[in-house]
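J.:
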Amino acid sequence: MIANYHTHTRWCHHAQGEIEDYIREAIARGLQAIAITEHVPHTANFDPRRMQWEEFPAFNAELDALIAQYAGQIRVIKGMECEFYPFSLDNYRMFREQYGYRLLILGHHTSKDRSVDNFAPKGRRELQLYADEVVEGLSTGLFTFLAHPDVALSGYGQTDAFALEQMGRIFACCQELHIPVEINANGFRDGRRYPDRQVWELSRQYDLTYLINSDAHLVEHLCDQAGVGGTEAFARELGIPVTGWFDW
Ligand SMILES: [Zn+2]
Ligand SMILES: [Zn+2]
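For what it's worth, this note's numbering labels the leading residue of the sequence shown as 1387, then goes sequentially.
(1) Whose C-beta lies closer than 6 Å to the C-beta of aspartate 1503 among residues of the same chain, with five residues either side of it excluded?
(2) With H, G and I counted as helix, E and B as strand and the rest as coil, what does DSSP make of arginine 1622?
(3) Judging by CA-CA distance, which residue of Ile1626, Thr1423, Asp1476, Tyr1516 is the nearest neighbour of valine 1462?
(4) Since I believe arginine 1436 is in contact with alanine 1443 (beta carbons under 8 Å), could you give me their beta-carbon distance rounded to a whole number of angstroms?
(5) Quick check on alanine 1507: buried or exposed, where buried means 16 or more other Cβ atoms within 10 Å of its Cβ?
(6) With a 10 Å radius around its C-beta and 16 neighbouring C-beta atoms as the bar for buried, classify tryptophan 1586 as buried or exposed.
(7) Are there 16 or more other CB atoms within 10 angstroms of the CB of glutamate 1606, so buried, or fewer, so exposed?
(8) Residues in its own chain within less than 6 Å of glutamate 1512 by CB, not counting five upstream and five downstream?
(9) Looking at C-beta atoms only, is the number of pairs between the segment 1571–1584 and the segment 1400–1407 that lie closer than 8 Å three or more?
(10) Suppose you measure from the CA of phenylalanine 1445 to the CA of methionine 1480; what does that come to, to the nearest Å?
(11) Am I right that serine 1600 and leucine 1608 are in contact with their C-beta atoms under 8 Å? What's the rounded C-beta distance?
(12) May I ask whether a heavy atom of ligand 1 can be found less than 7 Å away from the beta carbon of aspartate 1433?
(13) Who sits around ligand 2, taking every residue whose Cβ is closer than 5 Å to one of its heavy atoms?
(14) Taking just the CA atoms, how far does alanine 1447 sit from alanine 1457?
(15) Contact defined as beta carbons within less than 8 Å: I believe glycine 1523 pairs with phenylalanine 1473. What is the distance between those atoms, to the nearest angstrom?
(16) Would you tell me roughly how many angstroms separate the C-alpha atoms of cysteine 1560 and glutamine 1514, rounded to the nearest one?
(17) Identify, in the order they occur along the chain, each residue of the same chain with its Cβ nearer than 8 Å to the Cβ of methionine 1466, setting aside the five sequence neighbours on each side.
(18) Candidates Phe1529, Trp1439, Glu1551: which alpha carbon is nearest threonine 1429's?
(19) Could you have a look at valine 1426 and say whether DSSP puts it in helix, strand or coil?
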């Protein structure tokens, strides 16, 4: 790994470590770029396990200061991981245009009306809704890449033909719009339902750009063997060509 484009810090209230700890670990591990991609804050503060809206100015000031401090040692990119919430898109644009958060990742953890948690038990209706909304979200052109496309298999229980059909719709969209897809090491590290082998085998039928991200929530996970190393091995086994560097 020479760059990691998906990193959390203690600012999201469910990860540990300061921003600077992750930057220093990245330098120590020889990374040439790291994107700090905190879960995007919302005016409504839906979730205590996310950065709160009022915390953003302090977070942003700290990140800007660290970018200046470590310039010349590592490229630190400002990013955010976002659900496709139509009511928040103006704020996403504001973060990008006024504050320089140019790497907006689509990580669709909750449906756009917040009625479905995509980690929760679900049936076909919820899985199809996830695929519909991911396709709709990517079509806005706001998002640079798609995090963990297969996150919604959590709670679905099987990788049946219906699940593969929905994942295929997502991959077809990514192919058409030239949006890279992430194989997520945090899912691999935690033994979650993703990355799903059949889904990633299916992905080979499409012309896709792939990246592996740590999605670290602990500093020692940034470049860990169990997570990142395991995911790299997983991609190699499936013959997936992984792109390590993007000019973001
Ligand atoms: Zn995520
Ligand atoms: Zn994440």
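Yeah, the Cβ is synthetic: ideal placement off N, Cα and C, and Gly gets one too.
Here the structure is a predicted model, which is why all the values come from computation and not from measurement.
T.: Quick look at the numbers:
(1) Counting only Cβ-Cβ distances below 6 Å, and skipping sequence neighbours, we find Thr1496.
(2) Three-state DSSP puts arginine 1622 in a helix.
(3) The option with the nearest alpha carbon to valine 1462 is Thr1423.
(4) Position check: residue 1443 holds proline in this sequence, whereas alanine was assumed. With a beta-carbon spacing of about 16 Å, proline 1443 and arginine 1436 fall beyond the 8 Å limit used to define contacts.
(5) A small fix is needed here, since residue 1507 is proline in this sequence, not alanine. Result: exposed.
(6) Buried, since its Cβ has 16 or more Cβ neighbours within 10 Å.
(7) The residue in question, glutamate 1606, is exposed, as its Cβ has fewer than 16 Cβ neighbours within 10 Å.
(8) Excluding positions up to five away in sequence, the list reads Val1502.
(9) The way I'd put it, the segment 1571–1584 doesn't touch the segment 1400–1407; fewer than three beta-carbon pairs between them come closer than 8 Å.
(10) Each residue's Cα considered, the two are about 16 Å apart.
(11) Rounded, the Cβ-Cβ distance is 5 Å, consistent with contact.
(12) In terms of side-chain proximity, the C-beta atom of aspartate 1433 is found no nearer than 7 Å to any non-hydrogen atom of ligand 1.
(13) With the cut-off at 5 Å, the residues found are Glu1467, Asp1601.
(14) Distance from the CA atom of alanine 1457 to the CA atom of alanine 1447, rounded to whole angstroms, is 15 Å.
(15) No, glycine 1523 and phenylalanine 1473 are not in contact; Cβ-Cβ is about 13 Å, not under 8 Å.
(16) Take the alpha-carbon of cysteine 1560 and the one of glutamine 1514: they are about 17 Å apart.
(17) Excluding positions up to five away in sequence, the list reads Thr1423, Glu1424, His1425, Val1426, Tyr1478, Phe1481, Tyr1487, Leu1489, Leu1490, Ile1491.
(18) Threonine 1429 has its Cα closest to that of Trp1439, out of Phe1529, Trp1439, Glu1551.
(19) Under the three-state reduction of DSSP, valine 1426 is assigned to coil, being neither helix nor strand.
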